[in-house]
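Worksheet: the structure to be examined is printed underneath.
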Amino acid sequence: MGALDEQLMFLGQPSSSRWVNENFVIGDPLGSGTFGSVYSVECRRNPGTIYAMKELTRSSLPHFIETELRVLQRCGGSHNIIKMHAAHRERDRVFIVMDYFEHTSVKEMLASLTTREIIDYMKNLLIALAYLHRKGIIHRDVKPSNFLYDRKRNRFALVDFGLCEDIKDGRTNYTHIRKGLSHSVSKSICVGVSESKSFENSVRKHPYGQRDLSIRCKCYGRATVCAVCQKRPKLYVNKAGTPGFRAPEILLKCSSQTTTIDIWAAGITFLALLCRRHTVMRPADDIEALEQMSTIFGTEPLRDLANKHGLSFLTDLVYTGVDIIKFTNAVRDGLPVDSVNRNCSDCKKLFYQNDEGICLCKYNEEESWKQLAPEERQIYGVVTKCLIVDPEKRYTADMLSGYFC
97 MGALDEQLMF
107 LGQPSSSRWV
117 NENFVIGDPL
127 GSGTFGSVYS
137 VECRRNPGTI
147 YAMKELTRSS
157 LPHFIETELR
167 VLQRCGGSHN
177 IIKMHAAHRE
187 RDRVFIVMDY
197 FEHTSVKEML
207 ASLTTREIID
217 YMKNLLIALA
227 YLHRKGIIHR
237 DVKPSNFLYD
247 RKRNRFALVD
257 FGLCEDIKDG
267 RTNYTHIRKG
277 LSHSVSKSIC
287 VGVSESKSFE
297 NSVRKHPYGQ
307 RDLSIRCKCY
317 GRATVCAVCQ
327 KRPKLYVNKA
337 GTPGFRAPEI
347 LLKCSSQTTT
357 IDIWAAGITF
367 LALLCRRHTV
377 MRPADDIEAL
387 EQMSTIFGTE
397 PLRDLANKHG
407 LSFLTDLVYT
417 GVDIIKFTNA
427 VRDGLPVDSV
437 NRNCSDCKKL
447 FYQNDEGICL
457 CKYNEEESWK
467 QLAPEERQIY
477 GVVTKCLIVD
487 PEKRYTADML
497 SGYFC
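For what it's worth, our numbering labels the leading residue of the sequence shown as 97, then goes sequentially.
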């Protein structure tokens with residue numbers, strides 16, 4: 097029995113709902129996610145009219161249910177946002193009826209999208225995000241499977257709004273985030289530091305809270321956690337999102353987060369399409385995610401961002417970052433056999449089967465840009481603006497729309 101079948105058994109068939117059975121004929125399951133399962137349904141009053149019906153999991157918190165319904169009601173049916181037609185609650189079950197959106201699978205997209213199609217995909221995702229952001233909403237879970245592409249009809253739809261978050265003055269406020277949805281934050285984020293044998297266990301098992309920067313204890317800026325810091329009050333930040341797509345400010349546990357966390361996730365989505373791989377980064381935890389991010393985008397930008405937010409990013413693994421064009425080509429097509437830049441000790445260690453040390457470092461990125469065709473330059477121009485580590489310098493969806501005029 098597959099995972100989807102098991103989840104459907106847990107939920108119970110939608111046809112067991114009186115309201116559903118009276119109004120719809122249940123079709124095939126279309127998929128499942130964190131917050132529910134989706135079926136195709138045919139309207140009994142208008143035979144031949146097909147919708148998608150989402151049944152939210154019974155364990156979903158009221159906050160998630162209310163958020164999804166509110167965002168769909170406010171924004172659905174416009175600017176590439178999926179349209180909601182009806183919603184119904186029956187005891188502990190909630191059903192949402194939306195447009196049936198036939199779409200290309202992520203697997204097929206990764207395997208066969210043309211350059212022109214990638215540009216259209218990027219343009220339309222940014223249209224959807226710009227609209228949400230103007231409404232004061234962060235999606236928080238942008239990824240290929242949540243932005244559907246109907247290749248036959250050249251249509252797009254952003255879906256899955258359970259993690260959305262309202263913002264004020266362009267940013268979130270951690271004090272309004274429920275403890276059940278958040279995680280405690282340490283003021284020191286440490287990656288690959290070998291100073292203390294007990295450090296890793298200390299930092300993971302005993303996270304400590306916000307430090308008054310005017311009072312510095314003995315462990316400040318070091319790879320250790322003292323008893324005083326372990327007893328400090330805990331600060332909670334929203335870490336919602338899919339691993340591999342979360343922005344650096346989320347991983348660094350910055351309390352102030354803006355709509356640009358969606359732009360980072362969009363950039364990773366675009367990078368996945370270029371690399372033909374889902375996902376580009378596959379971290380086991382936040383520490384590994386920061387290390388992978390440091391490898392690709394450089395250690396120094398992450399340190400600077402941490403310092404800006406009064407945090408310490410401690411690591412003895414220092415990377416310059418990669419030439420994003422060479423990196424994309426290497427992931428998609430394999431390491432270039434004709435490369436003249438060899439014997440790079442860093443790249444030899446970092447990239448699998450790179451025995452000759454073919455260099456993908458950022459140093460010669462200007463040369464890579466010169467070799468791009470105009471449409472490729474347009475794509476990478478947007479990707480690099482999405483993937484700026486500092487969210488204050490990262491472009492907004494409205495700013496990026498100018499690349500597609």
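Note that beta-carbon positions come from the ideal geometry of N, C-alpha and C, so glycine has one too.
Residue i classed as buried or exposed, judged by whether at least 16 other C-beta atoms fall within 10 angstroms
{"i": "CYS236", "result": "Here residue 236 turns out to be Arg, not Cys, going by the sequence shown. Buried, since its Cβ has 16 or more Cβ neighbours within 10 Å."}
{"i": "TYR459", "result": "exposed"}
{"i": "ASP412", "result": "exposed"}
{"i": "PRO432", "result": "exposed"}
{"i": "ASN403", "result": "exposed"}
{"i": "HIS240", "result": "Checking the sequence shown, residue 240 turns out to be Pro, not His. Its Cβ being crowded by 16 or more others within 10 Å, PRO240 is buried."}
{"i": "LEU157", "result": "exposed"}
{"i": "ASN142", "result": "exposed"}
{"i": "MET97", "result": "Summary for MET97: the model assigns pLDDT 42, below 50, so the residue's position carries little reliability, and this model does not support an answer."}
{"i": "ASN250", "result": "exposed"}
{"i": "THR395", "result": "buried"}
{"i": "ASN119", "result": "buried"}
{"i": "SER112", "result": "exposed"}
{"i": "ARG556", "result": "Nothing about residue 556 can be reported from this structure: the residues present for the chain run from 97 to 501 only."}
{"i": "LYS489", "result": "exposed"}
{"i": "THR145", "result": "exposed"}
{"i": "ALA80", "result": "Because the chain is modelled from 97 through 501, residue 80 falls outside the range shown and cannot be assessed."}
Cβ shell of residue i (< 7 Å), same chain only, five flanking positions each side left out
{"i": "ASP256", "result": "GLY129, ASP237 and ASN242"}
{"i": "ASN176", "result": "ASN220, ILE223, ALA224, PHE252, ALA253 and LEU254"}
{"i": "ASP494", "result": "ALA226"}
{"i": "HIS199", "result": "LEU244, TYR245 and ASP246"}
{"i": "GLU452", "result": "ARG438"}
Spatial neighbours of residue i in its chain, beta-carbon cut-off 6 Å, leaving aside the 5 residues before and after
{"i": "TRP360", "result": "ALA343"}
{"i": "LYS150", "result": "GLY132, VAL134 and ILE192"}
{"i": "ASP500", "result": "Correcting the residue type first, residue 500 is Phe in the shown sequence and not Asp. Contacts found: LYS219."}
{"i": "ASP382", "result": "LEU347"}
{"i": "SER390", "result": "LEU398 and TYR415"}
{"i": "THR211", "result": "GLU471"}
{"i": "GLU102", "result": "With a pLDDT of only 46 at GLU102, under 50, the local geometry of the prediction cannot be trusted, and no value is derived from it."}
{"i": "ALA183", "result": "LEU165 and ILE192"}
{"i": "THR375", "result": "GLY340 and ALA368"}
{"i": "ALA336", "result": "ARG236 and LEU259"}
{"i": "GLU461", "result": "ASP419"}
Residues that residue i bridges to, as DSSP identifies them
{"i": "PHE191", "result": "GLU151 and HIS184"}
{"i": "TYR448", "result": "DSSP, once it has assigned bridges, lists no residue as partnering TYR448."}
{"i": "VAL427", "result": "According to DSSP, which records beta bridges pairwise, VAL427 is partnered with nothing at all."}
{"i": "SER128", "result": "SER133"}
{"i": "ALA253", "result": "LEU244"}
{"i": "VAL121", "result": "GLU138"}
{"i": "ASP262", "result": "ILE233"}
{"i": "CYS457", "result": "VAL418"}
{"i": "ILE177", "result": "LEU254"}
Chain-order list of residues whose beta-carbon lies under 8 Å from that of residue i (same chain, five-residue window excluded)
{"i": "ARG114", "result": "GLU186"}
{"i": "ARG428", "result": "LEU370, CYS371, ARG372 and ARG373"}
{"i": "THR492", "result": "ALA226, HIS229, THR355, THR356 and ILE359"}
{"i": "THR365", "result": "LEU221, VAL238, LYS239, PRO240, PHE243 and PHE341"}
- Message: Between the segment 348-357 and the segment 224-234, can you find at least three pairs of beta-carbon atoms closer than 8 Å?
- Response: yes
- beta strand (DSSP E) runs contained entirely in the segment 327-357, provided each spans 3 or more residues: 332-334
- Message: Within 8 Å, do at least three Cβ pairs link the segment 439-448 to the segment 394-409?
- Response: no
- alpha helix (DSSP H) runs wholly inside the segment 209-241, at least 4 long, in chain order: 211-230
- Item | Stretch pair the segment 163-174 + the segment 208-219: three plus CB contacts closer than 8 Å | no
- Message: Extract the residue ranges of the alpha helix (DSSP H) inside the segment 352-419, only unbroken runs of 4 or more that lie entirely within it.
- Response: 356-371, 382-393 and 395-404
- Please determine if the segment 138-149 and the segment 201-209 are in contact, where contact requires at least 3 C-beta pairs separated by less than 8 Å. no
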